[in-house]
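Worksheet: the structure to be examined is printed underneath.
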Amino acid sequence: MSYPEYPEKVDSAPNLKVQGVSVVYSNGHQALRDASFSLEGGTICALVGVNGSGKSTLFKSIMGFLKPTSGVITINGLPVKEILKQRLVAYVPQSEEVDWQFPVSVWDVVMMGRYGAMNFLRIARAVDRKIVEESLKRVSMWEYRDRQIGELSGGQKKRVFLARALAQEGKVILLDEPFTGVDVSTEHAIIGLLQELKKAGCIILVSTHNLGSVPEFCDQVVLMNRTVLAYGPTADVFTEQNLTLAFGGLLREFQFEQSTIQAHDGRKVRVFSDDERPLVFGKDGHLEYRDRSDHEELLKQRSKEHNE
Amino acid sequence: MNALLEPFQYAFMQDALLVGVLIGAMCAVLSCFLILKGWSLMGDAVSHAVLPGIVLAYIAGIPLIIGAFAAGLFCATGSGYVKRHSRIKEDTAMGVVFTGLFAFGLVLFSKTPSDLHLDHILVGNILGISKAQVLQTLWIGSGVLVISVLLRRDLLLICFDPVQARVMALPDQFLTYLLLGLLALAIVVAMQAVGIILVVAMLITPGCVAYLWTDRFDRMLVISVLSSVSATIVGILISYHADLSTSGCIVLAQASLFVLSLIVAPKYGILARRRN
Numbered sequence: 348m349s350y351p352e353y354p355e356k357v358d359s360a361p362n363l364k365v366q367g368v369s370v371v372y373s374n375g376h377q378a379l380r381d382a383s384f385s386l387e388g389g390t391i392c393a394l395v396g397v398n399g400s401g402k403s404t405l406f407k408s409i410m411g412f413l414k415p416t417s418g419v420i421t422i423n424g425l426p427v428k429e430i431l432k433q434r435l436v437a438y439v440p441q442s443e444e445v446d447w448q449f450p451v452s453v454w455d456v457v458m459m460g461r462y463g464a465m466n467f468l469r470i471a472r473a474v475d476r477k478i479v480e481e482s483l484k485r486v487s488m489w490e491y492r493d494r495q496i497g498e499l500s501g502g503q504k505k506r507v508f509l510a511r512a513l514a515q516e517g518k519v520i521l522l523d524e525p526f527t528g529v530d531v532s533t534e535h536a537i538i539g540l541l542q543e544l545k546k547a548g549c550i551i552l553v554s555t556h557n558l559g560s561v562p563e564f565c566d567q568v569v570l571m572n573r574t575v576l577a578y579g580p581t582a583d584v585f586t587e588q589n590l591t592l593a594f595g596g597l598l599r600e601f602q603f604e605q606s607t608i609q610a611h612d613g614r615k616v617r618v619f620s621d622d623e624r625p626l627v628f629g630k631d632g633h634l635e636y637r638d639r640s641d642h643e644e645l646l647k648q649r650s651k652e653h654n655e
Numbered sequence: 463m464n465a466l467l468e469p470f471q472y473a474f475m476q477d478a479l480l481v482g483v484l485i486g487a488m489c490a491v492l493s494c495f496l497i498l499k500g501w502s503l504m505g506d507a508v509s510h511a512v513l514p515g516i517v518l519a520y521i522a523g524i525p526l527i528i529g530a531f532a533a534g535l536f537c538a539t540g541s542g543y544v545k546r547h548s549r550i551k552e553d554t555a556m557g558v559v560f561t562g563l564f565a566f567g568l569v570l571f572s573k574t575p576s577d578l579h580l581d582h583i584l585v586g587n588i589l590g591i592s593k594a595q596v597l598q599t600l601w602i603g604s605g606v607l608v609i610s611v612l613l614r615r616d617l618l619l620i621c622f623d624p625v626q627a628r629v630m631a632l633p634d635q636f637l638t639y640l641l642l643g644l645l646a647l648a649i650v651v652a653m654q655a656v657g658i659i660l661v662v663a664m665l666i667t668p669g670c671v672a673y674l675w676t677d678r679f680d681r682m683l684v685i686s687v688l689s690s691v692s693a694t695i696v697g698i699l700i701s702y703h704a705d706l707s708t709s710g711c712i713v714l715a716q717a718s719l720f721v722l723s724l725i726v727a728p729k730y731g732i733l734a735r736r737r738n
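For the record, the sequence lines run as chains A and B.
When the first sequence is numbered by our numbering, its final residue is 655 and no position is left out of the sequence of numbers.
When the second sequence is numbered by our numbering, its final residue is 738 and no position is left out of the sequence of numbers.
And the structure:
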């Protein structure tokens, strides 16, 4: 059987073109206006923007759930309908979207990635089983193949769906918040895998709020705020100026004029961030604020209330 | 033992057994999909909504099953339409649409002189089923059963992850409507045996029983069918010997299996969970 060994022999590097895409929902809300960018095969590209900036609208348009009001999305010149028929797009869902109690095993889920290639009864052929096995081994989940999907850790769950995308052999892989609920070692493992896929010529589009990790693993960035503000190599696009544009006043900045930290302490702070307002600890665990005086009042008041 | 099985020497009991087992198996298979897709209320809605369809079909002189099928689909698609085009949530829309249709059916029925018996429609009449109905049930019932078993992988995928179905260009909308159509047909067929009120139980309980026993879908299908068919046989026998409502006995037998499973099922039963 002549079956292309995946992904070492990707026949042609894909290119994804989004040209002037606007999406208006039926309630009149314009989610995207004139969004354009293009990506060539062999890239990991971050899709960055606040909630409501149109990231998921763009994903839904690429997956054929939304028809743009104007503009076109093509891969290798093919429109979305053809793209999907050729199974060029694979999707890794957010963990919250999955029913983990569902009575399916790891093997079953990864096999679902092969359904598009099977006949209508979806009876697995030898080649399908081989690809599922390879995909599971690549994400180091082969030993877990008979587990029910709810019996896995956060990182393992993520890897199962990544394996499904591998089994589908898509050329454009969409990942929605791949690093939420995932420990650091799994994050590294996932990034390693994405980099392999990138080398193999895939376009990997990652929607993420995890700004800190973007420069570490993405070579390109698409900045969104209900349109595409900028796109291109991370070094050029992921700049302070552009991010301020994309996030408006939402990016926190810290000035340490009124800080507990001193030069002789090496000006060290420890930052805890959940992608929302970061918690910054200065010397001896003192909390750091941009404007200390207001907060000191508040903190005193809270502890007084607590002691009463 | 002979005394226990003695009723099956009668032709009407053989028919009841045949029809009951087939309907039990068909509903059991569908129930697995319904509870996994979160469509339990859909069974309730469609089963009530078929009433006006039956009466209208009777008035128009076309087969009742066609009217029932059309009304059932109308209810499902109508609730979907209300949800998409208003701020009403789907379960609420369904509640309004199906009770409205059921009421419409009752009003129509009270104004239509007929030889239809409302209680046969509401609670079924499996022991008094006609030869023509037996044949119809066998045809449609086995059709629904075969299609839902053959296409189980696709149907499971649209319950589990419709997005994945879409990105692989599988006909996700067609499959959703197919499941809905199979559900409507199953209700129409099962209605004759257990009536439109208790068919809801046949379409939910077996799947729930199986869901407590296993976490693999194919096993869930098998357990669901086994529990449903055995409950049907036991229910029919008890109703014959004790002279009780047949549909009531079938559903009670299923409910008993559910309670038993809820307590003793390995891993997901209450006792097993307490042990852990």
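Heads up, the beta-carbon is just placed ideally off N, CA and C, and yes, glycines get one too.
Against chain A, does residue i count as a neighbour if the rule is that its beta carbon must be under 7 Å from one of theirs?
i	result
B:Arg628	yes
B:Met504	no
B:Leu466	no
B:Leu496	no
B:Leu607	no
B:Leu513	no
B:Leu619	yes
B:Phe622	yes
Assuming residue i and residue j form a contact by the criterion Cβ under 8 Å, report the distance between their Cβ atoms to the nearest whole angstrom.
i	j	result
B:Ile818	B:Val544	With chain B represented from 463 up to 738, any question about residue 818 of chain B goes unanswered, as that position is not in the structure.
A:Ser452	A:Ser417	Wrong, their Cβ atoms sit about 44 Å apart, outside the cutoff.
B:Leu488	B:Val629	Looking at the sequence provided, one finds Met at residue 488 of chain B rather than Leu. Contact flag wrong, Cβ pair sits at about 32 Å.
A:Gly388	A:Ile550	6 Å
B:Leu518	B:Leu600	26 Å between Cβ atoms; not a contact.
B:Leu513	B:Ile583	7 Å
A:Leu521	A:Leu552	5 Å
B:Ala490	B:Pro668	4 Å
B:Ala538	B:Leu642	5 Å
Can you pull the chain B residues whose beta carbon is under 8 Å from the beta carbon of residue i, in chain order?
i	result
A:Tyr438	Val625, Gln626 and Val629
A:Arg434	Val629, Met630 and Ala631
A:Gln317	What is shown of chain A runs 348 to 655, which leaves residue 317 of chain A out entirely.
A:Asp475	None at all; the shortest Cβ gap to chain B is about 12 Å.
Compare the C-beta of residue i against all C-beta atoms of chain B and say whether one is closer than 7 Å.
i	result
A:Phe449	yes
A:Leu499	no
A:Gly375	no
A:Leu431	yes
A:Gly311	Nothing in the structure corresponds to residue 311 of chain A, since chain A is present only between 348 and 655.
A:Glu644	no
A:Met571	no
Under 8 Å between beta-carbons, which chain A residues line up against residue i? List them in chain order, please.
i	result
B:Asp616	Tyr462, Phe467 and Arg469
B:Met682	Pro450
B:Tyr673	Pro450
B:Leu492	Residues of chain A passing the Cβ test: none, with the nearest at roughly 16 Å.
List, in chain order, every chain A residue whose beta-carbon is nearer than 9 Å to that of residue i.
i	result
B:Thr676	Pro450
B:Leu792	The shown model of chain B, from 463 to 738, leaves out residue 792 of chain B, and the question about it has no answer.
Going along the chain, which residues of its own chain have a beta-carbon closer than 6 Å to the beta-carbon of residue i, five neighbours each way excluded?
i	result
B:Leu498	Cys621
B:Gly515	Gly529, Ala530, Ala532 and Ala533
A:Gln441	Asp523 and Glu524
B:Ile666	Ser493 and Ser502
Going by beta carbon distance, what residues of the same chain come within less than 8 Å of residue i, once the five residues before and after it are set aside?
i	result
A:Asn589	Leu570, Leu576 and Ala577
A:Ser532	Gly502
A:Ser487	Arg506 and Ala536
B:Leu714	Gly697
State yes or no: is the C-beta of residue i nearer than 6 Å to some heavy atom of the ligand FAD?
i	result
B:Asp623	For the ligand FAD, the structure offers nothing, since it holds no ligand at all.
So with CB distances below 9 Å, who are the chain B contacts of residue i?
i	result
A:Met488	Per Cβ cutoff of 9 Å: no residues; A:Met488 is ~17 Å from chain B at best.
A:Gln515	Gln626, Val629 and Met630
A:Asp566	Going along chain B, no residue has its Cβ under 9 Å from A:Asp566, so there is no contact; the nearest lies around 24 Å.
For residue i, which residues in the same chain have their Cβ closer than 7 Å to its Cβ, ignoring the five residues on either side in sequence?
i	result
A:Val457	Val479, Ser482, Leu483, Val507, Ala510, Arg511 and Ala514
A:Tyr462	Arg469
Who are the neighbours of residue i on chain A, taking C-beta pairs under 7 Å?
i	result
B:Leu612	Leu468
Sequence ranges, alpha helix (DSSP H) only - wholly within the region 681-723 of chain B, length at least 4: The qualifying runs do not exist here; there are none.
Continuous alpha helix (DSSP H) assignments of at least 4 residues falling wholly in the region 481-569 of chain B: Fully enclosed alpha helix (DSSP H) runs of 4 or longer: 502-522 and 526-546.
Completely contained beta strand (DSSP E) runs for the region 528-564 of chain A, where each covers 3 or more residues: The beta strand (DSSP E) runs of length 3 or more contained entirely in the region 528-564 of chain A are, from start to end of the chain, 550-554.
Runs of beta strand (DSSP E) wholly within the region 430-479 of chain A (minimum 3 residues, chain order): Counting whole runs of 3 or more residues, the region 430-479 of chain A contains the beta strand (DSSP E) stretches 436-439.
Completely contained alpha helix (DSSP H) runs for the region 628-676 of chain B, where each covers 4 or more residues: With a minimum length of 4 residues, the unbroken runs of alpha helix (DSSP H) contained wholly in the region 628-676 of chain B fall at 634-664 and 667-675.
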